[in-house]
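Student: In this note's numbering, each residue carries its 1-based index in the sequence shown increased by 1153. All C-beta atoms in this analysis are idealised placements derived from N, C-alpha and C, irrespective of residue type, glycine included.
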Amino acid sequence: MANVPKDLKYTKDHEWVRTTGKDKAQVGITDFAQKQLGDIVFVDIPTGGKQLESDEAFGTVESVKSVSELFMPLTGTVTAVNESLSDEPELINTDPYGDGWIVELTATRPDELKQLFTAAQYEAFISDRSE
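1. Let me make sure I understand the geometry here. Which of Phe1211, Ser1221, Val1194 has the alpha-carbon closest to that of Gly1202?
2. What are the start and end residues of the alpha helix (DSSP H) that includes Ala1186?
3. Excluding the five sequence neighbours on either side, which residues of its own chain have a C-beta within less than 7 Å of the C-beta of Pro1226, listed in chain order?
4. Between Asp1252 and the rest of its own chain, which residues show a CB-CB distance below 6 Å, the 5 nearest in sequence each way excluded?
5. Run through DSSP, which three-state label would Ser1239 get?
6. So, at 7 Å on beta carbons, what are the nonlocal neighbours of Thr1213 in its own chain, with the 5 sequence-adjacent residues on each side left out?
7. Give the C-beta separation of Thr1228 and Arg1262 to the nearest angstrom, bearing in mind that I take them to be a contact with Cβ-Cβ under 8 Å.
8. How many Å lie between Ser1216 and Val1157 at the Cα?
9. Report the CB separation of Phe1185 from Ile1279 in whole angstroms; it is logged as a contact under 8 Å.
10. Within 10 Å of its beta-carbon, does Glu1236 have 16 or more other beta-carbons around it, so buried, or fewer, so exposed?
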């Protein structure tokens, strides 16, 4: 079974959200998603300052198996990108909830957090999809 930290929120597209301060959040892809993708070899993400809507595609993750789009879980402005991923995209495989984070943002509609899955809801959601 995939690792699903209890303190995060999750999307149906397998992104996670960690709140890091007032209207601030960090975003990445879940352990379940990285296992499904396999070895990640490239990550294409926006530069800081980009404004994105909830559910808008904001980049891609390329693995040896496929290319998958990333979808923004919250409306907001990208304030930081994980520059380490350009040289070490495999960080998403080895530490998806830590060093493998993808972007940080300032949410302009923080109430959208309420629409995301809790850890228990996400575990139920992926239980049908597990290998």
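Tutor: Straight from the coordinates:
1. Taking the sequence shown and counting its residues from 1, one reaches residue 1202 at position 49. Nearest C-alpha to Gly1202: Phe1211.
2. Locating residue 1186 in the sequence shown gives position 33, counting from the first residue. Taken as a continuous stretch (DSSP letters only), the alpha helix (DSSP H) holding Ala1186 covers 1184-1190.
3. Mapped onto the sequence shown, residue 1226 falls at position 73. So the qualifying residues of the chain are Thr1164, Glu1168, Val1170, Val1180, Ser1207, Leu1269.
4. Numbered from 1 along the sequence shown, position 99 holds the residue referred to as residue 1252. Correct list, in chain order: Leu1244.
5. Along the sequence shown, one-based indexing puts residue 1239 at 86. The answer is helix: DSSP assigns Ser1239 an H, G or I state.
6. Working through the sequence shown from its first residue, we reach residue 1213 at position 60. Asp1197, Val1220, Ser1221, Glu1222, Leu1223.
7. Counted from its first residue, the sequence shown places residue 1228 at position 75. Counted from its first residue, the sequence shown places residue 1262 at position 109. Right, the Cβ-Cβ distance comes to about 4 Å (below 8 Å), so this counts as a contact.
8. Taking the first residue of the sequence shown as position 1, residue 1216 is located at position 63. Taking the first residue of the sequence shown as position 1, residue 1157 is located at position 4. Those two C-alpha atoms are separated by around 21 Å.
9. Counted from its first residue, the sequence shown places residue 1185 at position 32. Counted from its first residue, the sequence shown places residue 1279 at position 126. About 5 Å; that satisfies the 8 Å criterion.
10. Working through the sequence shown from its first residue, we reach residue 1236 at position 83. Label assigned to Glu1236: exposed.
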